[in-house]
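First the structure, in the form of structure tokens, and then the observations on it.
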Amino acid sequence: MASILLPECLEKIFMNLFNPSNPIFSNSIETCEIKDLYSCTLVSRYWCQISTPLLYSNPFHYFRHLVNNKNNKKIQTGKDFQDYYKLIRTLLSCVPRSEIEEIVNSVCGKELFTESTESVVSPIFNYVKFIHELHLDDKFFLNHGKEIWIPSYISVKEISEEMFTSIINHLAKFLCENCNNLTRLEILYSKLQFDPMKSLTKDKLNGLKKLYLTGPGKVGNEKESNNLTQLYTTLSTTTLYLELIHNSEIISPEHANALSSLISSQKRLKHIILSDDLKVYLTNHRVSEWYNVVFNSLTIQGEWLERLELIFISFENINEETLNSLCSLKSLKELKLERCKFLRVNLLRSWVESLTNLKVIEYKAYSPIYFSFDFELLTEILKSSSSNLNKLVIDYTRTNDQGFGLVKNILTYSQFLTHLELTQIFPAELKNIFKSCTELVYFGIILAYYGGWEPSLRHIGNSVPNSVQRIQFKDMHVLEITSETLKYFLEGCVNSGGELRCLEITGKCVLSQDYFDAAKQSEVQLIKL
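Quick note on numbering: the sequence shown equals residues -15 to 513 in our numbering.
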């Protein structure tokens, strides 16, 4: 019966088997469950032919939650990383063996092949041609898992760093040359040993929607600056319908101008992420002037831009033209400020006052010495956006009495929040938050250490709004509450029609079975992360 269905019908059915997650907390990454779709490839040859192109249309997306710390030399061996290496193995199997042989011979001058050409099994499909999202990120260039992804006809023990780099770059080039109709492109430019724009022809980029580019981190390097300038100049003419641009690092005025031109050339840009390198951020004061050039191009996107994320950006040299450009972003609904410097009301007042349509604010502090300035600016943003704001994320290291004023202002100007994440909170503050923010659906907090949560927490449950469905206690390295206190807290949450369904606890603390039993009595799922 299944073989009677037309391919178009099956394709529509299979598309509904994608199960994208709904990340609740700000540090979550949207992923997509594919086990149902994968099982369809095993039903029959016909189903396999229809489902496989869908399965490999964005294969890297399923591993977005895997974050590699470049300073961490520990080999990644978790199951998800092993599955990622298997994906690399599958894609590498599409590269002709003769090309791999040529690389090996050029690097070491001898053959390292253990199987004859006849014994090497060719892949069922050319999976690369199905790819519409290409992620050449940190994970892709991570020299781990060779025993999984290196072709079986090469001796793993003989793989040097030079050979690994050559093979993985050849795979990256092969992917660029053979993928089709890209909708998302992510490039870690510093790792590439080839010019991606020579491989990515215009027809591959016409439908590009999302672009992520991490630069080489070499400020003032003329060659790298020319390469990046040329890349953005080319994209400005070949790609006109980007919805998202993420640029990490600006290394020269020419690079800034090219990025500005790319932004200006887009028809309906909705999301921009600008981030820079911490070392450059601290030592090169010219960079803030380069970002003024980029900010000035935002005026053209004023009608469309909805999300703006700024990471390690300084407003030290902001000028009136740049302020006017920022003020023109009337459609802006989400603003993220992460470790930015010179967040001063006296520098940014006109922009702050224009942020009346914000629905989401995320802030992460740079240094405690700037808290007073940052909190003053945040308070003004809260005032401007109070009628529309429904999500607020505040992240800073709280010590002594820092932050009491900010928490008070949150209670005053953010009463319509449905999503709230805060740093360390004390019992009295938490109770007041629940009294003021009566529409919360989920919240994540750190229970302040030695904050008197035992037994205070057991009496706070009655104050939790009935609308709350999910709670996260973050960074719980020491558990200061008993299972009995947790039981009373959860009972208070669900009594009188409370909708709480899940409590997550993260950190190094150890939960005994008593805690899970206490949650079960209130029909709340307790998850230890």
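By construction, the Cβ of each residue, glycine as well, lies at the ideal position given by its N, Cα and C atoms. Nothing here was measured: the structure is a model prediction, and the numbers come from that model.
(Q) Using a Cβ-Cβ cutoff of less than 7 Å, which residues in the same chain neighbour Ser188 once the five nearest sequence positions on both sides are dropped? (A) The sequence as given places Lys at residue 188; Ser does not occur at that position. Excluding sequence neighbours, Lys188 sits near Cys163, Asn164, Asn165 and Leu166.
Q) Between the Cα of Phe124 and the Cα atoms of Glu83, Lys175, Val79 and Ser144, which residue gives the shortest distance? A) Lys175
Q) For the beta strand (DSSP E) that contains Phe65, what are its first and last residues? A) Run containing Phe65: none in the beta strand (DSSP E); it sits in the alpha helix (DSSP H), Lys63 to Leu76.
Q) So the alpha helix (DSSP H) Thr221 belongs to, where does it begin and stop? A) Glu206 to Thr222
Q | Separation of Arg442 from Lys254, as counted between CA atoms | A | 44 Å
Q. Any contact of the segment 111 to 128 with the segment 23 to 35, i.e. 3+ C-beta pairs under 8 Å?
A. no
Q: Compare the beta carbon distance of Leu319 and Leu339 with 8 Å and say whether it is the shorter of the two.
A: yes
**Q.** Residue span of the beta strand (DSSP E) that contains Phe125, given as start and end
**A.** Run containing Phe125: none; DSSP gives neither H nor E here.
**Q.** Through-space distance from Glu293 to Cys324, alpha-carbon basis
**A.** 11 Å
Q. What's the call for Leu262, buried or exposed, on a 16-neighbour Cβ count within 10 Å?
A. exposed
Q | Rounded C-alpha distance that separates Arg48 from Ile87 | A | 29 Å
Q) For the alpha helix (DSSP H) that Glu405 lies in, which residues bound it at each end? A) Note, Glu405: premise wrong, no alpha helix (DSSP H); beta strand (DSSP E) at His403 to Ile409.
**Q.** Cβ neighbour criterion (16 or more within 10 Å) applied to Ile180
**A.** Here residue 180 is Pro; the residue named in the question, Ile, does not match the sequence. Around the CB of Pro180, 16 or more other CB atoms lie within 10 Å, so the residue is classed as buried.
(Q) I need the DSSP call for Val425, collapsed to helix, strand or coil. (A) For Val425, the secondary structure class from DSSP, reduced to helix, strand or coil, is coil.
**Q.** Pick from His230, Phe178, Glu145 and Tyr137 that is closest to Leu169, judged by C-alpha positions
**A.** His230
Q: For Glu438, I'd like the list of residues in its chain whose CB is within less than 7 Å of its CB, leaving aside the five on either flank, ordered along the chain.
A: Result list for Glu438: Glu464, Ile465, Thr466 and Thr469, in chain order.
Q | Nonlocal neighbours in the same chain, by C-beta distance under 7 Å from Ser248, ignoring five residues either side | A | Ser281 and Ile284
Q | Nonlocal neighbours in the same chain, by C-beta distance under 8 Å from Val425, ignoring five residues either side | A | Thr402, His403, Ser451, Val452, Gln453 and Arg454
Q. Residues bridged to Cys486 by DSSP?
A. Arg454 and Gln509
Q.
Check for me: the beta strand (DSSP E) holding Lys320 runs from which residue to which?
A. It spans Glu318 to Glu322 - the beta strand (DSSP E) in which Lys320 sits, taken as one unbroken run.
Q: Using three-state DSSP, classify Ile295 as helix, strand or coil.
A: In the structure shown, Ile295 adopts extended strand secondary structure according to DSSP, grouped into three states.
**Q.** Cβ distance (whole Å) where Ser369 is taken to contact Leu342 below 8 Å
**A.** 4 Å
Q.
If the criterion is Cβ atoms closer than 8 Å, does the pair Leu310 and Trp335 meet it?
A. yes
Q.
Between which two residues does the beta strand (DSSP E) holding Thr283 run?
A. Note, Thr283: premise wrong, no beta strand (DSSP E); not H, not E.
Q: Sort Ile171, Leu243 and Phe473 by Cα distance to Val278 and report the nearest one.
A: Leu243
Q.
Using the Cβ count rule (16 or more neighbours within 10 Å means buried), how would you classify Phe(-2)?
A. buried
Q: Report yes if the CB atom of Ile151 is closer than 8 Å to the CB atom of Gly199, and no otherwise.
A: No, these two residues do not count as a Cβ contact at 8 Å.
Q) Quick one: Cα of Cys477 to Cα of Lys504, how far? A) 13 Å
**Q.** Cut-off 7 Å between Cβ atoms - residues of its own chain near Ala432, not counting five sequence neighbours on either side
**A.** Gln408, Ile409 and Phe410
(Q) I'd like the list of long-range same chain contacts for Leu307, defined as Cβ closer than 8 Å, with 5 residues on each side in sequence excluded. (A) Only Leu332, Ser334 and Trp335 meet the Cβ criterion.
Q: Please list, in chain order, all residues of the same chain as Phe337 whose beta carbon is under 7 Å from its beta carbon, the five residues on each side excluded.
A: The sequence shown places Glu at residue 337, not Phe. Correct list, in chain order: Ser368.
Q.
Please report the straight-line C-alpha distance between Glu131 and Tyr196, rounded to a whole angstrom.
A. 30 Å
Q: Identify every residue that forms a DSSP beta bridge with Arg333.
A: The partner list for Arg333 (beta bridge, DSSP) is empty, contrary to what the question assumes.
(Q) Using C-beta distances below 7 Å, list every residue in its chain close to Phe473, excluding the 5 sequence neighbours before and after it, in chain order. (A) Leu441, Arg442, Ile444 and Gly445
**Q.** Anticipated Cβ contact below 8 Å, Val391 with Glu413, distance rounded
**A.** The beta-carbon separation of Val391 and Glu413, rounded to 5 Å, stays under the 8 Å limit for a contact.
**Q.** Close-in-space but distant-in-sequence residues of the same chain around Lys157 (CB under 7 Å, 5 per side omitted)
**A.** Phe178 and Ser183
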